[in-house]
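Student:
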Amino acid sequence: MPDPDGTGADAGTAFEQVLDRALGSGQVKEALDRSGGTPARERLRAQALQARSAIAAAAGVDHREEPARDACRFLSVRAMLVPGVPAVTAAFFLILGFSMITLDGRPYIGEGLITAGLIVGAMAAGAAVGDAAWFFTTSARGRSDADARAREDWELALLERGMVPFLLRELDDPRASERGR
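Heads up, the sequence shown is in the working numbering, so the first residue is 218 and it goes up one at a time.
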């Protein structure tokens, strides 16, 4: 993900792509046509690359994660705890079944409880494996989706709040301050 100050290698490439988009935007194209075309475009490009930190700071993008991601984390932790209920039930059936067999009262009831405990235990283990797979899959997917959204937000803010106003100011367009507001 790009750095807010535009110093990382990935940020440098993204910054140049946003710069090209800004130079191709309608507002900047009109101002360039009025001020001399291609030489002015190359001059603007060089000035923007030199003022990379100031432009990124003017964009003022916040890279914090959304609160919705915290709710997703809560749900995934909760989903990991759900197999604990059948595991406790299985342990209860097994302890009760072995106790019944030990007391020599009615062995068929004890054996039935042990069988029930083993079945519930197997179901709990299967649920735990399934939940672990779901947890790792969704956390990886959620992280990449959040990173992509943050990158898009960064690029849009850089374009609209940093790059285009800077280029228009550099072209001394009297309408640039009105458009920036």
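Note that beta-carbon positions come from the ideal geometry of N, C-alpha and C, so glycine has one too. Keep in mind the model is a prediction, meaning the values are calculated, not measured.
1) If you follow the alpha helix (DSSP H) that Met317 is in, where does it begin and where does it stop?
2) How is the alpha helix (DSSP H) around Leu384 delimited, first residue to last?
3) Can you tell me which of Ala271, Leu313, Thr319 puts its alpha carbon nearest to the alpha carbon of Ile331?
4) Thinking C-beta only, is Ala239 closer than 8 Å to Leu373?
5) Could you check which residue in Pro324, Val337, Arg323 has the C-alpha nearest to that of Phe310?
6) With respect to the alpha helix (DSSP H) encompassing Ser270, which residues constitute its N-terminal and C-terminal limits?
7) Please name the residue, chosen from Pro303, Met380, Val302, that lies closest to Ala273 on a Cα-to-Cα basis.
8) Determine the burial state of Val302: buried for a count of at least 16 other Cβ atoms within 10 Å of its Cβ, exposed for fewer.
9) Just to confirm, does Ala265 get its C-beta within under 7 Å of one of the non-hydrogen atoms of the ligand NAD?
10) What does the Cβ neighbour count give for Phe353, buried or exposed, with the cut at 16 atoms within 10 Å?
11) To the nearest angstrom, how far is it from the Cα of Ala344 to the Cα of Pro300?
Tutor: Reading off the structure:
1) Counting along the chain, the alpha helix (DSSP H) containing Met317 begins and ends at 301-319.
2) Per DSSP, Leu384 belongs to the alpha helix (DSSP H) from 381-387.
3) Per the C-alpha coordinates, the member of Ala271, Leu313, Thr319 positioned closest to Ile331 is Leu313.
4) Judged by their CB atoms, Leu373 and Ala239 are not nearer to each other than the 8 Å cut-off.
5) Taking only the C-alpha atoms, the option nearest Phe310 is Val337.
6) Unbroken alpha helix (DSSP H) run through Ser270: 269-276.
7) The option with the nearest alpha carbon to Ala273 is Met380.
8) A residue is called buried when at least 16 other Cβ atoms come within 10 angstroms of its Cβ; Val302 does not meet this threshold and is exposed.
9) The ligand NAD is absent from the structure shown, which contains no ligands of any kind.
10) When all chains shown are included, Phe353 counts as exposed.
11) Cα to Cα, Ala344 sits roughly 6 Å from Pro300.
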